[in-house]
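Undergrad: Residues are numbered in the numbering used here as their position in the sequence shown, beginning at 1, plus a constant of 1323. By construction, the Cβ of each residue, glycine as well, lies at the ideal position given by its N, Cα and C atoms. No experiment lies behind these values; they were computed from the predicted model shown.
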Amino acid sequence: MKEPGYDMAAPGQRRVGRRIFLAILAGGGVVAAGGAQAFGALGKLPVIKGFVPQDGFYFYTVSSTEPSFDGTNWPLRIEGLVENPMTITFHSLLGLAQADQVHDYMCVTGWSVPKVRWQGPLVSTLLDLAKPLPTAAAVSFDSADGVYTDSLALAEASRPEVLLAHSKNGARLEQDRGAALRLVVPFMFGYKGTKWVNRIRLTATQEIGYWEQRGYDVNAYLK
1324 MKEPGYDMAA PGQRRVGRRI FLAILAGGGV VAAGGAQAFG ALGKLPVIKG
1374 FVPQDGFYFY TVSSTEPSFD GTNWPLRIEG LVENPMTITF HSLLGLAQAD
1424 QVHDYMCVTG WSVPKVRWQG PLVSTLLDLA KPLPTAAAVS FDSADGVYTD
1474 SLALAEASRP EVLLAHSKNG ARLEQDRGAA LRLVVPFMFG YKGTKWVNRI
1524 RLTATQEIGY WEQRGYDVNA YLK
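1. Taking 8 angstroms as the threshold (C-beta atoms), are V1485 and V1520 in contact?
2. Measure the alpha-carbon distance for R1500 versus E1406 and round it to whole angstroms.
3. Have a look at R1522, R1537, E1535 and A1494 and flag the residue whose alpha-carbon is nearest the alpha-carbon of R1440.
4. Please go through the same chain and pick out, in chain order, the residues whose beta-carbon is closer than 8 angstroms to the beta-carbon of S1391, but skip the five residues on each side of it.
5. What's the gap between the Cα of G1394 and the Cα of F1380?
6. Determine, using beta carbons only, whether E1389 and S1463 come nearer to each other than 8 angstroms.
7. Quickly, what does DSSP pair P1390 with across the bridge? List them, please.
8. Have a look at A1346 and T1432 and give me their C-alpha separation to the nearest angstrom.
9. Along the chain, where does the beta strand (DSSP E) containing S1474 start, and where does it finish?
10. Could you tell me the alpha carbon to alpha carbon distance between A1543 and L1475, rounded to whole angstroms?
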């Protein structure tokens, strides 16, 4: 199984996996070597730049490359058990009713970012356009990386806190934060929030997501 990286590595550079990163933190390796000053100096090295996230978010990926958003073109497909399957352009998505919400973000590995401001349409707004069929019971969110996916029950996806964010803290998402669209599920751990979402599928039963196939809980509610 390929471990998720913590920063985008240039050609020839090695990604740092989740277990390696947590082991270093647990051992206090960087701080013990020279305290915060040493940590800051090490953070300038490209291989381990992800150890010192500027906005509090560490970077995870499960694919060898990350999708690129040109700032304009990002079609979002909604399909499956819906009356009105559709493809929504990024421009059209910006024309929908937009939510502006502040939530704490919690990663299952233990780090968190308080009071993150997310902007984007509610998933329920998108579902209303697509019109789920009576047989629809769950919603899957696929990443444009072609690897990552996760899902919610239809009732969970329809909650007013769940949105498809295009902006964070007043600025458009950066590529490594999930541009153009990132799922925000504030009442669950962060692995439910698929990045680079380009397809939403309504299904009769809830599908098992990428990390859930590897032992994580499908019901990732914060305790």
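TA: By the coordinates alone:
1. For this step, residue 1520 is matched to residue 197 along the sequence shown. For this step, residue 1485 is matched to residue 162 along the sequence shown. No, the pair does not count as a contact, with Cβ atoms beyond the cut-off.
2. Translated into positions along the sequence shown, residue 1500 becomes position 177. Translated into positions along the sequence shown, residue 1406 becomes position 83. Distance between the alpha carbons of R1500 and E1406 is about 32 angstroms.
3. Here residue 1440 refers to the residue found at position 117 of the sequence shown. Ranking R1522, R1537, E1535 and A1494 by Cα distance to R1440 puts A1494 first.
4. Mapped onto the sequence shown, residue 1391 falls at position 68. So the qualifying residues of the chain are Q1498.
5. As a working note, residue 1394 is residue 71 in the sequence shown. As a working note, residue 1380 is residue 57 in the sequence shown. If I take the Cα positions, the gap works out to 21 angstroms.
6. Within the sequence shown, residue 1389 is the residue found at index 66, counting from 1. Within the sequence shown, residue 1463 is the residue found at index 140, counting from 1. No, Cβ-Cβ distance for E1389 and S1463 is not below 8 angstroms.
7. Here residue 1390 is taken as the residue at index 67 of the sequence shown, counted from 1. Its beta-bridge partners do not exist; DSSP assigns none.
8. If you number the sequence shown from 1, residue 1346 lands on position 23. If you number the sequence shown from 1, residue 1432 lands on position 109. Residue confidence is low: A1346 scores 43 on pLDDT, short of 50, so the model does not pin down where it sits. No coordinate-derived value is stated.
9. Taking the sequence shown and counting its residues from 1, one reaches residue 1474 at position 151. S1474 -> beta strand (DSSP E) spans T1472 to A1476.
10. Here residue 1543 refers to the residue found at position 220 when the sequence shown is read from its first residue. Here residue 1475 refers to the residue found at position 152 when the sequence shown is read from its first residue. The alpha-carbon atoms of A1543 and L1475 are separated by roughly 10 angstroms.
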